[in-house]
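Enquirer: I am attaching a structure below and will ask some questions about it afterwards.
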Amino acid sequence: MKKKLKIFSPVSFRLFDRQWIKNSLLLICLTGMIVPAVAQQKTTIRILHADFYKPETDQGRNKLIGNVKLKHEDMLMDCDSLYQYADSNYIEAFGNVHAVQNDTLNLWGDFMTYNGNSQLAKVRNNVVLKDPEITLTTDFLDYNAFTKIGYYFNKGTIKDSVTTLISDEGYYFTQDDQMFFKDSVKVYTQGYELYSDTMKYHTVTKIISILGPTTIYGDNRTLYSEDGWYNSLTAHAELYKNNKITYNEFWGKADTMYVDSVSNTAILKNNLHLYDTVNNIIVEGNYGEVLKNNDYAYVVDQAVLTLVGNPDSLFVHGDTLSVSKDTAGNNVLKAYYHTKFFSPQLQGVCDSMAFPVADSTVYLSGSPIVWASGNQMTATAIDMLMNNNVIQEFHLNDKAMIINQLDTIKFNQIKGRNMIGHMKNNELYLVDVDGNGETLYYPDDKGVIIGMNKALSSYIKIFIENRKVKDIIFIKKPEGQLNPLFLIEPQEMKLRDFQWHIEKKPLQKEDIFLK
2 MKKKLKIFSP VSFRLFDRQW IKNSLLLICL TGMIVPAVAQ QKTTIRILHA DFYKPETDQG
62 RNKLIGNVKL KHEDMLMDCD SLYQYADSNY IEAFGNVHAV QNDTLNLWGD FMTYNGNSQL
122 AKVRNNVVLK DPEITLTTDF LDYNAFTKIG YYFNKGTIKD SVTTLISDEG YYFTQDDQMF
182 FKDSVKVYTQ GYELYSDTMK YHTVTKIISI LGPTTIYGDN RTLYSEDGWY NSLTAHAELY
242 KNNKITYNEF WGKADTMYVD SVSNTAILKN NLHLYDTVNN IIVEGNYGEV LKNNDYAYVV
302 DQAVLTLVGN PDSLFVHGDT LSVSKDTAGN NVLKAYYHTK FFSPQLQGVC DSMAFPVADS
362 TVYLSGSPIV WASGNQMTAT AIDMLMNNNV IQEFHLNDKA MIINQLDTIK FNQIKGRNMI
422 GHMKNNELYL VDVDGNGETL YYPDDKGVII GMNKALSSYI KIFIENRKVK DIIFIKKPEG
482 QLNPLFLIEP QEMKLRDFQW HIEKKPLQKE DIFLK
């Protein structure tokens, strides 16, 4: 079936206007005729040589056979044979067709028609277009010698010094060293493969402009974008729309990405999301960098780390969130400076938090405070042992203290050198006190507080039920007594170093951003 031709006039080309490019590519659909926008003086095709000449007046043409050579404007052509149509400035060339323009652009094919008035050449079968920058091979090519624009359809392959490009259709603006590709675009180089719907390529700078859905594969990393550019020489990409990057078990997205494959660095800006699909960890923020061959990354500006759990996730904020490698090559997550975290069952503040993924332990340092099951826990350092991002144990190391508020003046208090808090179903149910144990709590009988119990023991076990002290077992003989409330002075109701920090507690997820 003969391909239907549409007329397109390339008036005032703005090759660097991205939106214009997109609109133009939509308008140029299956066009085989490119009509010059500027009027040109019509000149006659000149026959320079032929071995044999035969007029065919009944068909209005002349037949030339053998070493046929002709010239028109700045183009020289030769072929095995051709038909020259009288009074139409039109030829049909057959066999070993070769055209040369300005001694730089060469065009070969098995068959060609050429209109001297429009300077449009239609070359078919085994077509090769070659200039100093690229070599194009296809079976269907229309080339306008006046505008120096080529159009191929039904697939073509372009090769230059660094890339191989394949697409169903494309345009080559030879004067501007620009190529436009449409439908099933594939790009191959030594370091990556690119698949696209629509793109532009500059044959001198080797820059690919992404104008539609595009995926780049290379070095265990995949990039996806719908708007941006990629430099084939420097392996640098800048992406601006629906951007996504994947690397091994990680994937991320951001409004803007700058990726350099040579230095293995990436910069992500605005609404960035990074996902660890193995450990169910999400990092979000507005600015991040991935450096040192993916050995280090950090995120700032509203940075949030989410430990995805069941049923509740833990949200962590710090001025900076980072991911680095330990000596064994495992990831270590860190949040530092003004760190806060929140889940419905667990809240806390500290200066910095470290989470070596391999040992499933979160380390809190810098005046850490943790609230769990209605209890405030403090120590010089606190470790949280996790399983599937759910807290199993708290290790309160040095100057450990747990406080539970009963009312505005009464607090159950546990103090010791070190403590271990045991969690079940996100609730604290057992506390082990190791060394210098002190307790101050208010036992009740059927909901009625019967006094204040204050005791000392080196090792203590405290059992908690429904967020209240159910039982206390003193492993070593305790020293202490139960006193009725009316005999207790206010200064006796708090252990030494008692501090209640309820004003620092995040009450909802948004509070983790409050300083």
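In our numbering, the protein residues as written are 2 to 516.
Every residue gets a Cβ at the ideal spot worked out from N, C-alpha and C, and that includes glycine.
Only a predicted model underlies this, so the values are computations on that prediction, with no experimental measurement involved.
Here's a check: name, in chain order, each residue in its chain whose Cβ is nearer than 6 Å to the Cβ of Ile217, leaving out the five neighbours to either side.
Expert: In the sequence shown, the residue the question calls residue 217 occupies position 216. Excluding positions up to five away in sequence, the list reads Tyr193, Leu195, Leu224.
Enquirer: Can you list, in chain order, the residues of its chain whose CB lies under 6 Å from that of Arg468, leaving out five sequence neighbours each side?
Expert: Here residue 468 is taken as the residue at index 467 of the sequence shown, counted from 1. Ser374, Gly375, listed in sequence order.
Enquirer: Would you kindly work out how many angstroms separate the C-alpha atoms of Trp109 and Ala100, rounded to a whole number?
Expert: Stepping through the sequence shown from its first residue, residue 109 is reached at position 108. Stepping through the sequence shown from its first residue, residue 100 is reached at position 99. About 6 Å.
Enquirer: Roughly how many angstroms separate the alpha carbons of Lys455 and Arg418, rounded to a whole number?
Expert: As a working note, residue 455 is residue 454 in the sequence shown. As a working note, residue 418 is residue 417 in the sequence shown. Their Cα atoms are separated by approximately 17 Å.
Enquirer: Please classify Leu486: does DSSP put it in a helix, a strand, or coil?
Expert: Counting from 1 along the sequence shown, the entry for residue 486 is found at position 485. DSSP places Leu486 in helix when its eight states are reduced to three.
Enquirer: Could you give the DSSP three-state label for Asp1: helix, strand or coil?
Expert: Not covered by the structure: residue 1. The range shown for the chain is 2 to 516.
Enquirer: Quick one: what does DSSP say Phe154 is sitting in, helix, strand or coil?
Expert: Numbered from its first residue, the sequence shown carries residue 154 at position 153. In this structure, Phe154 counts as coil in the three-state DSSP scheme.
Enquirer: Please work out which residues of its chain come closer than 6 Å, Cβ to Cβ, to Lys3, disregarding the five sequence neighbours upstream and downstream, and give them in chain order.
Expert: In the sequence shown, the residue the question calls residue 3 occupies position 2. Residue confidence for Lys3 is low, a pLDDT of 36 falling below 50, so the modelled location carries little weight and cannot support an answer.
Enquirer: If distances are taken between C-alpha atoms only, which option among Asn221, Glu227, His274, Gln303 comes closest to Asn265?
Expert: Within the sequence shown, residue 265 is the residue found at index 264, counting from 1. Among Asn221, Glu227, His274, Gln303, the Cα nearest to that of Asn265 is on Asn221.
Enquirer: In terms of alpha-carbon separation, which member of Ser162, Gly151, Thr190 lies closest to Ala177?
Expert: On the sequence shown, residue 177 is found 176 positions in, with the first residue counted as 1. Per the sequence presented here, residue 177 reads as Asp, with Ala not at that position. Per the Cα distances, Gly151.
Enquirer: Quick check: Arg125 and Tyr86, are their CB atoms within less than 9 Å of each other?
Expert: For the purposes of this step, residue 125 is taken as the residue at position 124 of the sequence shown. For the purposes of this step, residue 86 is taken as the residue at position 85 of the sequence shown. No, they are not a contact pair.
Enquirer: Do you know how far the Cα of Lys123 is from the Cα of Tyr144?
Expert: Along the sequence shown, read from residue 1 onward, the residue named residue 144 stands at position 143. Along the sequence shown, read from residue 1 onward, the residue named residue 123 stands at position 122. Near 6 Å, if we compare the C-alpha coordinates of Lys123 and Tyr144.
Enquirer: If we ignore side chains and look at the alpha-carbon of each, how far apart do Tyr299 and Leu275 end up?
Expert: Start at 1 with the first residue of the sequence shown, and residue 299 comes out as number 298. Start at 1 with the first residue of the sequence shown, and residue 275 comes out as number 274. One C-alpha to the other measures close to 11 Å.
Enquirer: Between the alpha carbons of Ala336 and Leu515, how many angstroms are there, rounded?
Expert: Taking the first residue of the sequence shown as position 1, residue 336 is located at position 335. Taking the first residue of the sequence shown as position 1, residue 515 is located at position 514. Going from the Cα of Ala336 to the Cα of Leu515 covers about 15 Å.
Enquirer: Bridge partners for Arg222 per DSSP, in chain order?
Expert: Within the sequence shown, the letter at position 221 stands for residue 222. In the DSSP output, where bridge partners are listed per residue, Arg222 has Gly219, Tyr248.
Enquirer: What does the Cβ neighbour count give for Ile410, buried or exposed, with the cut at 16 atoms within 10 Å?
Expert: Along the sequence shown, read from residue 1 onward, the residue named residue 410 stands at position 409. It is exposed - the Cβ of Ile410 has fewer than 16 other Cβ atoms within 10 Å.
Enquirer: Pop quiz: Ile209 and Tyr231 are said to be a contact at Cβ under 8 Å. What is the actual Cβ separation, rounded to whole angstroms?
Expert: Numbered from its first residue, the sequence shown carries residue 209 at position 208. Numbered from its first residue, the sequence shown carries residue 231 at position 230. About 4 Å separates the two Cβ atoms, so the contact holds.
Enquirer: Who are the near neighbours of Pro507 in its chain, counting only those whose CB is closer than 6 Å to its CB and skipping five residues on each side?
Expert: Here residue 507 refers to the residue found at position 506 when the sequence shown is read from its first residue. Excluding positions up to five away in sequence, the list reads Lys341, Phe343, Gln348, Ile513.
Enquirer: Judging by CA-CA distance, which residue of Asp296, Val305, Leu308, His318 is the nearest neighbour of Asp327?
Expert: As a first step, residue 327 must be located in the sequence shown, where it is residue number 326. Here the closest residue by C-alpha is Asp296.
Enquirer: Apply the 10 Å Cβ neighbour rule to Glu170 and answer buried if 16 or more other Cβ atoms are within range, or exposed otherwise.
Expert: Residue 170 sits at position 169 when you count from the first residue of the sequence shown. It is buried - the Cβ of Glu170 has at least 16 other Cβ atoms within 10 Å.
Enquirer: Looking only at C-alpha atoms, which of Gly452, His502, Val309, Val324 sits nearest to Pro345?
Expert: Here residue 345 refers to the residue found at position 344 of the sequence shown. For Pro345, the nearest C-alpha among the options comes from Val309.
Enquirer: Using the rule of at least 16 other Cβ atoms within 10 Å of the residue's Cβ for burial, across every protein chain shown, is Asp498 buried or exposed?
Expert: To locate residue 498, count along the sequence shown from 1; it is residue 497. Result: exposed.
Enquirer: Just the C-alpha distance for Ala51 and Ser262, rounded to the nearest angstrom, thanks.
Expert: As a working mapping, residue 51 is identified with position 50 in the sequence shown. As a working mapping, residue 262 is identified with position 261 in the sequence shown. Distance between the alpha carbons of Ala51 and Ser262 is about 56 Å.
Enquirer: Contact check, Leu77 vs Ile48 under 8 Å by CB: the rounded distance?
Expert: On the sequence shown, position 76 is the one that residue 77 refers to. On the sequence shown, position 47 is the one that residue 48 refers to. Not quite, the Cβ-Cβ distance comes to about 12 Å (not below 8 Å), so this is no contact.
Enquirer: Please state whether DSSP places Phe514 in a helix, a strand or coil.
Expert: Translated into the one-based positions of the sequence shown, residue 514 becomes position 513. In the structure shown, Phe514 sits in a helix (DSSP, three-state: H, G or I).
Enquirer: Excluding sequence positions up to five away, which residues of its chain have a Cβ less than 6 Å from the Cβ of Asn413?
Expert: Walking along the sequence shown from the start, residue 413 turns up at place 412. For Asn413, where only same-chain residues beyond five positions count, the Cβ hits under 6 Å are Asn405, Tyr442, Val470.
Enquirer: Could you pull out every residue in the same chain whose Cβ sits closer than 7 Å to the Cβ of Thr381, ignoring the five residues on either side in sequence?
Expert: In the sequence shown, residue 381 corresponds to position 380, counting from 1. So the list reads Asn398, Asp399, Lys400, once near-sequence residues are dropped.
Enquirer: Under 6 Å Cβ to Cβ from Leu166, same chain only, skipping five residues before and after it: list those, please.
Expert: Your numbering for residue 166 matches position 165 in the sequence shown. Same-chain partners within the cutoff: Ile159, Val188.
Enquirer: Residues bridged to Arg418 by DSSP?
Expert: To locate residue 418, count along the sequence shown from 1; it is residue 417. Per DSSP, none; premise fails for Arg418.
Enquirer: Is the beta carbon of Thr190 closer than 9 Å to that of Val163?
Expert: As a working note, residue 163 is residue 162 in the sequence shown. As a working note, residue 190 is residue 189 in the sequence shown. Yes, the pair counts as a contact, with Cβ atoms nearer than the cut-off.
Enquirer: Gly253 and Lys242: beta carbons closer than 9 Å?
Expert: Translated into positions along the sequence shown, residue 253 becomes position 252. Translated into positions along the sequence shown, residue 242 becomes position 241. Cβ distance not < 9 Å, so Gly253 and Lys242 don't count as in contact.
Enquirer: When burial is assigned at 16 or more other CB atoms within 10 Å of the CB, is Asp408 buried or exposed?
Expert: To locate residue 408, count along the sequence shown from 1; it is residue 407. It is exposed - the Cβ of Asp408 has fewer than 16 other Cβ atoms within 10 Å.
Enquirer: Return the chain-ordered ranges of every beta strand (DSSP E) run that is complete within the segment 258-305 and spans a minimum of 3 residues.
Expert: Listed in chain order, they are 266-277, 282-292, 297-301.
Enquirer: Nearest to Phe141 by alpha carbon, out of Asp161, Glu227, Tyr172, Ser368?
Expert: Against the sequence shown, residue 141 aligns to sequence position 140. It is Tyr172 whose Cα lies nearest to the Cα of Phe141.
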